[in-house]
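**Student:**
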Amino acid sequence: MLAISAVLVLIAVGLHRLFGAATEVFGTAAFARTSDLRHAGLFRRGLIIGKSRWRFIRHAKPGHLLTFAPTRSGKGVGAVIPNLLDHPGSVVVTDIKGENHAVTRAYRETQGRVIAFAPFDPTLGGHGYNPLDFIRTFTPNEVDDARMIAEMLVAPDGKEANHWEREARTLLTGLLLHVALERKPQERNLHRVRALLMRDRSGFEAVINAMAQSPHIVISTIGRGFSQKEDKERGAVISTAQSRLEPFDSPLLQAATNHSSFKMEDLKRETLSLFIIIPPEYVAVYQPVLRLMVGLATAAMTREAKRPKHPVLFLLDELPALGHMRPIEDGIGYLAGYGATLWLFVQDLDQLQKTYVKWRSMIANCAVRQAFNVQDTQTAELLSGMLGQRTVRTRSGSRSGRFPWLWMATNFNETVAETGRPLLSPAEIMLLPENQMLVFVQGCKPILAEKVRYFTDRYFRKRFDASVSNNGESADPSVSAAVPQIQ
Numbered sequence: 001m002l003a004i005s006a007v008l009v010l011i012a013v014g015l016h017r018l019f020g021a022a023t024e025v026f027g028t029a030a031f032a033r034t035s036d037l038r039h040a041g042l043f044r045r046g047l048i049i050g051k052s053r054w055r056f057i058r059h060a061k062p063g064h065l066l067t068f069a070p071t072r073s074g075k076g077v078g079a080v081i082p083n084l085l086d087h088p089g090s091v092v093v094t095d096i097k098g099e100n101h102a103v104t105r106a107y108r109e110t111q112g113r114v115i116a117f118a119p120f121d122p123t124l125g126g127h128g129y130n131p132l133d134f135i136r137t138f139t140p141n142e143v144d145d146a147r148m149i150a151e152m153l154v155a156p157d158g159k160e161a162n163h164w165e166r167e168a169r170t171l172l173t174g175l176l177l178h179v180a181l182e183r184k185p186q187e188r189n190l191h192r193v194r195a196l197l198m199r200d201r202s203g204f205e206a207v208i209n210a211m212a213q214s215p216h217i218v219i220s221t222i223g224r225g226f227s228q229k230e231d232k233e234r235g236a237v238i239s240t241a242q243s244r245l246e247p248f249d250s251p252l253l254q255a256a257t258n259h260s261s262f263k264m265e266d267l268k269r270e271t272l273s274l275f276i277i278i279p280p281e282y283v284a285v286y287q288p289v290l291r292l293m294v295g296l297a298t299a300a301m302t303r304e305a306k307r308p309k310h311p312v313l314f315l316l317d318e319l320p321a322l323g324h325m326r327p328i329e330d331g332i333g334y335l336a337g338y339g340a341t342l343w344l345f346v347q348d349l350d351q352l353q354k355t356y357v358k359w360r361s362m363i364a365n366c367a368v369r370q371a372f373n374v375q376d377t378q379t380a381e382l383l384s385g386m387l388g389q390r391t392v393r394t395r396s397g398s399r400s401g402r403f404p405w406l407w408m409a410t411n412f413n414e415t416v417a418e419t420g421r422p423l424l425s426p427a428e429i430m431l432l433p434e435n436q437m438l439v440f441v442q443g444c445k446p447i448l449a450e451k452v453r454y455f456t457d458r459y460f461r462k463r464f465d466a467s468v469s470n471n472g473e474s475a476d477p478s479v480s481a482a483v484p485q486i487q
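Under the UniProt record's numbering, think of the first position of the sequence shown as 1, with each following residue one higher.
1) From which residue to which residue does the beta strand (DSSP E) around Glu142 run?
2) Measuring straight from C-alpha to C-alpha, what distance separates Gln487 and Asp249?
3) Entirely within the region 151-238 and at least 3 residues each: give me those beta strand (DSSP E) ranges in chain order.
4) Using 10 angstroms around the beta-carbon of Phe117, count the other beta-carbons present and answer buried if the total reaches 16, otherwise exposed.
5) Tell me the rounded alpha-carbon separation between Ile278 and Pro119.
6) On a Cα-Cα basis, can you pick out the residue from His163, Trp359, Lys306, Ser239 that is closest to Arg199?
7) If you drop the 5 nearest sequence neighbours on each side, which residues of the same chain put their C-beta closer than 7 Å to that of Arg291?
8) Helix, strand or coil for Phe455? Go by DSSP, reduced to three states.
9) Using the three-state DSSP reduction, which class does Thr302 fall into: helix, strand or coil?
10) Quick check on the DSSP output: the beta strand (DSSP E) that includes Val93 runs from which residue to which?
11) Between the alpha carbons of Leu423 and Glu167, how many angstroms are there, rounded?
12) Exposed or buried, which one is Ser35 when buried takes at least 16 other CB atoms within 10 Å?
13) Between the region 141-148 and the region 193-210, do three or more beta carbon pairs fall short of 8 Å?
14) Helix, strand or coil: which one does DSSP assign to Pro422?
15) Here's the rule: buried if 16 or more other CB atoms are within 10 angstroms of the residue's CB, otherwise exposed. What is Tyr334?
16) Compute the Euclidean distance between the alpha carbons of Gln287 and Leu313, then round it to the nearest angstrom.
17) With DSSP collapsed to three states, give me the class of Gln442.
18) Starting from Lys354, trace the alpha helix (DSSP H) both ways and give me its first and last residue.
19) Output needed for Lys51: all residues of its chain with C-beta closer than 8 Å, excluding positions within five of it in sequence on either side, in chain order.
20) Checking the sheet assignment: what are the DSSP bridge partners for Leu66?
Next comes the structure, spelled out in structure tokens:
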């Protein structure tokens with residue numbers, strides 16, 4: 001009897017080794033369950049970052065967000081518009097097509113003022129913003145403010161500025177101060193700066209001489225320094241500065257930048273919705289305008305240490321279209337402390353790498369990373385690595401002989417090996433159903449979530465303008481592929 005018991009124990013031990021749980025020595029990666037989301041506080045109020053069954057997954061802690069998603073994949077219907085219809089604080093939106101403004105304007109007006117900076121569509125209210133109003137004239141900050149504007153206008157590619165760009169930046173700083181401090185009020189705009197640069201040789205000499213004789217130490221220093229340059233260098237510097245201000249030759253842009261309907265600081269002082277609207281066909285030409293508006297808005301966040309009741313949300317769709325922006329690259333490390341949240345949208349990893357040298361730091365500084373409809377291997381490999389590895393078992397071998405009463409093999413010639421494999425391989429990520437998304441939140445397991453579609457969700461039913469709603473960005477909303485539910 002004891003012999004039989006011993007045999008049974010040995011059989012049980014062997015079966016456990018064969019079919020028991022893996023030791024997880026190669027990794028313990030797993031998707032978050034409902035209990036994990038609840039424990040992480042992702043069902044509380046906050047930004048909408050996905051959906052689990054009927055509940056929104058939200059993020060309320062300080063921190064920035066990054067979304068990888070190609071064009072026409074549902075960024076607008078699943079991320080931008082849902083949060084415009086829900087966020088109680090100020091927002092800044094790069095609205096290339098103007099659709100976000102059209103769909104959400106009515107709701108945003110219930111929260112506070114709505115400003116549409118749309119130089120090429122005067123029907124949207126004729127709101128304007130004069131970048132020179134950002135310069136705090138007759139204060140110790142005026143030089144740094146002017147230099148910041150000049151930097152945003154010159155050398156936007158993220159590389160170190162060359163000699164001509166550095167000198168053009170210095171010249172523009174002097175001209176900005178000259179126009180802001182020493183010209184008539186009606187001349188205080190970037191078109192006037194452009195007009196001064198476009199004067200003929202004698203006309204521009206008069207401008208430089210006036211600057212050199214200015215009582216303002218910085219203006220006079222820049223004026224005298226420029227007058228001492230050789231003709232060849234002067235011509236190259238002027239040409240560089242001229243090219244950066246070329247967009248301000250547009251009469252429509254001049255009309256939108258010769259007055260201000262608001263102050264950038266208002267984003268923290270009240271609930272203000274700022275939509276920056278440039279038609280898609282004009283984005284390449286007027287990229288400096290987009291970059292300048294977004295850059296000044298982010299810079300304004302640090303002017304007041306007081307945090308607003310609700311974070312100022314920057315929804316920066318097609319971020320690489322703005323070119324390199326130092327206020328974004330550097331600010332992602334500290335803006336959250338000033339009550340600002342950046343939500344950056346890029347099509348893929350390659351776009352981010354080509355635009356920002358510090359792309360790794362930018363990804364690391366985002367508390368939420370989101371991805372869906374990934375179509376390129378490079379981005380899929382990054383996401384697969386972020387998901388981590390899990391331990392799996394493989395078996396091989398044969399069995400022979402049997403106990404007559406147990407109908408089981410007596411000789412277990414079977415090898416069990418443990419190995420690691422990604423939670424999802426790059427290929428599996430690229431084959432995820434259209435309505436699924438990956439979400440990474442600091443302090444929580446990775447989430448396999450469902451996309452949000454504002455136009456089919458009862459929560460948003462009375463908040464958006466259905467007459468202008470355009471859900472064509474997403475795939476057919478009637479498609480309801482089975483989504484593995486979070487348990």
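Heads up, the beta-carbon is just placed ideally off N, CA and C, and yes, glycines get one too.
It should be emphasised that the depicted structure is a prediction, and the values quoted were computed from it without experimental measurement.
**Tutor:** Looking at the coordinates:
1) No beta strand (DSSP E) holds Glu142; the alpha helix (DSSP H) holding it covers 142-153.
2) For Gln487, the pLDDT reaches just 36, beneath the cut-off of 50, and the residue's location in the model is therefore unreliable, leaving the point undetermined.
3) none
4) buried
5) 7 Å
6) Ser239
7) The residues are Met152, Pro156, Leu322, Gly323, Met325.
8) Residue state, collapsed to three classes: helix.
9) In the structure shown, Thr302 sits in coil (DSSP, three-state: anything other than H, G, I, E or B).
10) 91-94
11) 52 Å
12) exposed
13) A contact between stretches requires three or more CB pairs, one per stretch, nearer than 8 Å, and the region 141-148 fails this requirement with the region 193-210.
14) Assignment of Pro422 by DSSP, reduced to helix, strand and coil, places it in the strand class.
15) Within a 10 Å sphere around the beta-carbon of Tyr334 sit fewer than 16 other beta-carbons, which makes this residue exposed.
16) 21 Å
17) Residue state, collapsed to three classes: coil.
18) First-last of the alpha helix (DSSP H) with Lys354: 349-355.
19) So the list reads Ile57, Ala449, Glu450, Lys451, Val452, once near-sequence residues are dropped.
20) Leu344, Arg369
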